[in-house]
Structures are given as C-alpha cells and as structure tokens.
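Peer 1: My questions all concern the structure below.
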Amino acid sequence: MDAKAHAFATRAVHAGHDVDPTGAHATPIHATSTFVYGDAARGRRLFAGEEPGYVYGRIGNPTTRAFERRVASLEGGADAVAFASGMGAIAGLLLTVLAPGDEVVVLGPLYGGTGGLLHDLLARYGVRTNEAGGGPDRSTADRLAEAVGPRTKMIYVESPTNPTLNVHDLDAVAAAGRTSGALTVADNTFATPYLTRPLEHGLDVVLHSATKYLGGHGDALGGVLVASEELVAQVRAEGLRHVGAVLGPFEAFLLLRGLATLHLRVAAQCTGARRVAEAVRDHPAVARVHYPGFTDHPGHAVAERQMRDFGGMVALELAGEPALATRRAHAFLDRLELFAQAVSLGDVASLATHPATTTHELWTPEQRSALGVDDALVRLSVGVEDPDDLVADVRRALDAAAAVAA
Ligand SMILES: Cc1ncc(COP(=O)(O)O)c(C=O)c1O
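This is the structure in structure tokens:
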C-alpha cells in the first residue's frame, strides 16, 4: 500500500494485507515451520535469493511478513523485520552492525534490557557505550556534540524515555548522524508511529517493543525494526537468521490485529493521560508529575514539534521525605483498582508500576537517583477506559496515600 496515497488510519487497517489465495479476508495464521519448494531447481533459486518466496520459518513467514509490511508503512520506511520481542529486535540490530572497537552513544535513560545488553554483554565483545551527559535541561545537540567521537558507530535514542518521559530532539540526532556518519537509531516504543515517525526526521532505523502499543492488548510479545531495504535484508540474514529470535505466526496475527486500531487506541490513551496528569497535579500527596504535555516539562517544546500528542504515559512522585514518600507510593499503588500493578505498558487496560523496586531494581540507589527514578516515583500507563473512571481511581488512591502518617 502506497504510504503517500493513503492516510495513517487507512494504512493501519490495510497495509501489508494481500487477499489470500483462499479468499480469506483476515490474514491467515500460517502455522508452518517450513515451506515446500516443489522442485530442486526452485529450492536452489529460493536459497540463493534469486527468487522471492518462503523457505523456512526462521527466515520468514507470510503472517509475519504482513505485520512487517504494515509497520514499515506506518513508520514511513522501506522495509521491516520482525522479532520475538523488543529485545530480540534490539539485539538483532546491534549484533548485525557493531564490531569490536565501535562506540555507541546513547541518549537515555535507556530501557533496562537495552542498558544491560550494551553495558554487560556487548562490553565483553569490545563495544563501548557512552551515555551522552547532562540532564534534560541541556539541548540534545549540545549533549551529542560533546559525546560523539571518531569511534562512534551508532547514536541510539529513546524518546520519550522510561520512566521520567524525557523527550530528545530527533532532528538534532539526525544532524549528528549526518555529520559523524554514525547510524542513528530510535526506540519509538513509547511514542508509536501515530505520534512520532523518527525516519521522517532523518534517522536511519526505528525499532519497537511491539509488545506495547503496537500490539496494544497485552497478549503478545514481539519486536520489529524498520530501515532501508539493504539494512533490513542484512539484519534479517544475520541478526535474525543467525540468532533466531523469530516472531511466531500466531503472535504476528495478534500484533497485526492490534495495529488496525493503533490510531484509535493511542488517541484515546493520550486523552486519558492528559486528564489523569491534570487531575493529580495539584493533589497534596503529589510532589511532581512528569508529563510532556505540561508546559513546564523540560521536553515540552521539543514534544510539541515532533509528537502529534503527548502520549499515554504519566509518572508521578509522591510527596514527603524519602521514607514517607516511598510508603505513600506503595499505599497509592495498593489502593488502585482499575490500574493493575504490573510492568509493561501501552495496553488497552491501564497499568501501574513502581520502577525503583521492579523495572529499575538492578540499578544502585545512586544510579536511580541520577536517572530521576526515586523510590517515590510511580509510572502509569493509561489505557482506553473512560477517563472519568481513571481519574476517580487515581484520586481515591492518592487520598489513601495522603492519609499515610509521617
Ligand atoms: C522502551 C522499551 N524498549 C524495549 C523494550 C523491550 O521489549 P520486550 O519486552 O518486548 O523485549 C521495552 C520493554 O519494556 C521498552 O519499554
């Protein structure tokens, strides 16, 4: 489907879907590990890449291919390759393009799994990671000008970041990539292509934990990356085929169905998140709300430029000295009824997490504090429930938190 001829919502429903030879209107789940090639000459041509087609499930599957083509269309990219999880996609890319001696400059804070892959695993293979210094008050361009050097092979950015929702300037990332020759990569999991399309800002690669907003129903793990045809072919041949984190056809089917409503879900989640952020802002039990839609958020101006809306995530810090604020955070979480306490995000159902004791538990208290992940911080992923109900739930839980004695 032509990305220029059809609007986002149309592509979300139709892109990647070819009418099946059986006439099936929904994309069928091709539950097969291998594909019959008929005669030996065709088998040779398929393996040599001289003829397009499917040969083995670790390299490609028609259901998965429909998902890849839909994501490529929504991100405005040439091609896509899917993986079993977001970490599968990230590892598949990094293992394909990096070599000993290379340096990766990151604009984070990074998702913990990505941080672990870079700092723990790839460090053992001679890949160096350099966190661009300075906080969200410094411009992305200044931070990159300082961090990028002759060995920088990749600039890797997450925006908005987890869990404090910093927004990095994608135009500045693309400019630094052009000047240095480094490959620029955006983890667009939090924004989704409905809100931000990094390739349109000039980045080279965009990737996702499809487990989150792309799937959107909390019932499938998946990952995907979008880039030029050449790079996608290389990642498919090496980072997917040789490593093996393959998306299963059933998960591809679930993710495809999720994508058809991406624009509806994310629009509703943005509305809900704004309502929740506004409702908790002045509550006496709250010290601070992180939400890029507020004009005093350090990333607000950049978010206005590069995001259609401000996303479905809100983080809040409970008030009080550290021990009290932590007890309040726990009381708040335990009193929530509609927000389920669980990691993950982007689900149609609202979720709440205490990052310091879950997703960021492996960091030291000093590292957490440098990232702004204090014990008093709670992260909310706003679902598509009625915003009035969500606001009432959060207010009730904050009243319970306020009642926790000093
Ligand atoms: C921003 C971001 N990137 C990547 C991942 C990893 O994705 P997955 O859990 O699908 O492997 C996550 C998971 O939470 C994430 O939040």
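Going by the working numbering, the sequence shown opens with residue 8, and the numbers climb by one from there. C-beta atoms are modelled at their ideal positions from N, C-alpha and C, and glycine is treated no differently. Please read these numbers as outputs of a predicted model, since none were measured by experiment.
(1) Which same chain residues, not among the five before or five after A87, have their C-beta less than 6 Å away from its C-beta?
(2) Please state whether the Cβ-Cβ distance between K160 and E110 is less than 8 Å.
(3) Take A349 as the anchor and find which of H361, P143, D382 and A106 has the nearest alpha-carbon.
(4) Look at the alpha carbon of S40 and the alpha carbon of P69, and state the distance between them as a whole number of angstroms.
(5) Regarding S216 and ligand 1, is the C-beta to nearest heavy atom distance less than 7 Å?
(6) Less than 8 Å between the beta carbons of E383 and E324, yes or no?
(7) Alpha carbon to alpha carbon, how far is L176 from V164?
(8) With E236 as the anchor, note down where its alpha helix (DSSP H) starts and where it stops.
(9) Looking at ligand 1, does it come within less than 7 Å of N169, judged from the CB to the closest heavy atom?
(10) Going straight from the alpha carbon of D194 to that of A38, what length do you get?
(11) From the DSSP output, in three-state form, read off Y201 for me.
(12) Identify whether V113 lies in helix, strand or coil by the three-state DSSP scheme.
(13) Just checking my contact of V355 with G223 at CB under 8 Å: how many whole Å lie between their CB atoms?
(14) Quick check on DSSP: helix, strand or coil for M314?
(15) Find out if the Cβ-Cβ distance for the pair A280, V321 is shorter than 8 Å.
(16) Between the Cα of T203 and the Cα atoms of L263, H270 and V239, which residue gives the shortest distance?
(17) Would the C-beta of S351 count as close to ligand 3, meaning under 7 Å from any of its heavy atoms?
(18) Taking 8 Å as the threshold (C-beta atoms), are F90 and A240 in contact?
(19) Report all residues from its chain with a CB closer than 7 Å to the CB of V174; omit the five preceding and five following residues, and keep chain order.
(20) Report whether the distance from the Cβ of T121 to the nearest heavy atom of ligand 1 is below 7 Å.
(21) Tell me whether the beta-carbon of A407 lies closer than 8 Å to the beta-carbon of A338.
(22) When you compare the CB positions of V242 and G99, do they come within less than 8 Å of one another, or not?
(23) Tell me the rounded alpha-carbon separation between Q276 and H367.
(24) Tell me whether the beta-carbon of P116 lies closer than 8 Å to the beta-carbon of L369.
(25) Excluding sequence positions up to five away, which residues of its chain have a Cβ less than 6 Å from the Cβ of A85?
(26) Less than 8 Å between the C-beta atoms of G140 and A154, yes or no?
(27) Which whole-angstrom value describes the C-beta separation of F301 and A284, a residue pair presumed to lie in contact below a C-beta threshold of 8 Å?
(28) Apart from the five residues on each side of it in sequence, which residues of its chain come closer than 6 Å, Cβ to Cβ, to G209?
(29) Considering H270, what are the terminal residues of the alpha helix (DSSP H) in which it resides?
(30) With distances taken Cα to Cα, identify the nearest neighbour of A198 among D211, F257, S216 and E138.
Peer 2: With the structure as the only source:
(1) Counted from its first residue, the sequence shown places residue 87 at position 80. Within the same chain, A87 has close Cβ partners E75, V78, A79, V231 and V233.
(2) As a position in the sequence shown, residue 160 is number 153, starting the count at 1. As a position in the sequence shown, residue 110 is number 103, starting the count at 1. The answer is yes: Cβ separation under 8 Å.
(3) Taking the first residue of the sequence shown as 1, we reach residue 349 at position 342. Ranking H361, P143, D382 and A106 by Cα distance to A349 puts H361 first.
(4) Numbered from 1 along the sequence shown, position 33 holds the residue referred to as residue 40. Numbered from 1 along the sequence shown, position 62 holds the residue referred to as residue 69. Taking the CA atoms as reference points, S40 sits about 12 Å from P69.
(5) Numbered from 1 along the sequence shown, position 209 holds the residue referred to as residue 216. Result yes, Cβ under 7 Å from ligand 1.
(6) Indexing the sequence shown from 1 puts residue 383 at position 376. Indexing the sequence shown from 1 puts residue 324 at position 317. Here the sequence assigns Ala to residue 383, which means Glu is not the residue at that position. With contacts defined by Cβ atoms closer than 8 Å, A383 and E324 form a contacting pair.
(7) Within the sequence shown, the letter at position 169 stands for residue 176. Within the sequence shown, the letter at position 157 stands for residue 164. The sequence given here has Asp at residue 176, not Leu. When rounded, the distance between both Cα atoms is 9 Å.
(8) By 1-based counting over the sequence shown, the position of residue 236 is 229. E236 to V242 is the extent of the alpha helix (DSSP H) around E236.
(9) Start at 1 with the first residue of the sequence shown, and residue 169 comes out as number 162. True, at least one ligand heavy atom lies under 7 Å from that Cβ.
(10) Here residue 194 refers to the residue found at position 187 when the sequence shown is read from its first residue. Here residue 38 refers to the residue found at position 31 when the sequence shown is read from its first residue. Roughly 29 Å separates the two Cα atoms.
(11) Counting from 1 along the sequence shown, the entry for residue 201 is found at position 194. If DSSP states are grouped into helix, strand and coil, Y201 belongs with the helices.
(12) Within the sequence shown, numbered from 1, the residue matching residue 113 stands at position 106. DSSP places V113 in strand when its eight states are reduced to three.
(13) One-based indexing of the sequence shown puts residue 355 at position 348. One-based indexing of the sequence shown puts residue 223 at position 216. Right, their Cβ atoms sit about 6 Å apart.
(14) By one-based count along the sequence shown, residue 314 stands at place 307. Coil at M314, not helix or strand.
(15) The residue labelled residue 280 in the question sits at position 273 within the sequence shown. The residue labelled residue 321 in the question sits at position 314 within the sequence shown. Their beta carbons are under 8 Å apart, which means A280 touches V321 by this criterion.
(16) Indexing the sequence shown from 1 puts residue 203 at position 196. Here the closest residue by C-alpha is H270.
(17) Of the ligands this structure carries, namely ligand 1, none is ligand 3.
(18) Residue 240 sits at position 233 when you count from the first residue of the sequence shown. Residue 90 sits at position 83 when you count from the first residue of the sequence shown. For A240 and F90, no; Cβs fall outside 8 Å.
(19) Locating residue 174 in the sequence shown gives position 167, counting from the first residue. These residues qualify, in order along the chain: S166, P167, P299, G306, V309 and A310.
(20) The residue you call residue 121 lines up with position 114 of the sequence shown. At least one heavy atom of ligand 1 is nearer than 7 Å to the Cβ of T121, so yes.
(21) Numbered from its first residue, the sequence shown carries residue 407 at position 400. Numbered from its first residue, the sequence shown carries residue 338 at position 331. Less than 8 Å divides the Cβ of A407 from the Cβ of A338.
(22) As a first step, residue 242 is located in the sequence shown; it is residue number 235 there, counting from the start. As a first step, residue 99 is located in the sequence shown; it is residue number 92 there, counting from the start. Yes, Cβ-Cβ distance for V242 and G99 is below 8 Å.
(23) Reading the sequence shown from its first residue, position 269 is the one you call residue 276. Reading the sequence shown from its first residue, position 360 is the one you call residue 367. Rounded to whole angstroms, Q276 to H367 spans 24 Å at the Cα level.
(24) Within the sequence shown, numbered from 1, the residue matching residue 116 stands at position 109. Within the sequence shown, numbered from 1, the residue matching residue 369 stands at position 362. Cβ distance not < 8 Å, so P116 and L369 don't count as in contact.
(25) As a position in the sequence shown, residue 85 is number 78, starting the count at 1. Closer than 6 Å at the Cβ level, and outside the excluded window around A85, lie S235 and E236.
(26) Along the sequence shown, read from residue 1 onward, the residue named residue 140 stands at position 133. Along the sequence shown, read from residue 1 onward, the residue named residue 154 stands at position 147. Cβ atoms of G140 and A154: closer than 8 Å.
(27) Taking the first residue of the sequence shown as 1, we reach residue 301 at position 294. Taking the first residue of the sequence shown as 1, we reach residue 284 at position 277. Indeed they touch by this definition, with Cβ atoms about 7 Å apart.
(28) Here the question's residue 209 lines up with position 202 in the sequence shown. Cβ within range, chain order: A181.
(29) Locating residue 270 in the sequence shown gives position 263, where the first residue counts as 1. L269 to R288 is the extent of the alpha helix (DSSP H) around H270.
(30) Taking the sequence shown and counting its residues from 1, the one referred to as residue 198 is at position 191. The option with the nearest alpha carbon to A198 is S216.
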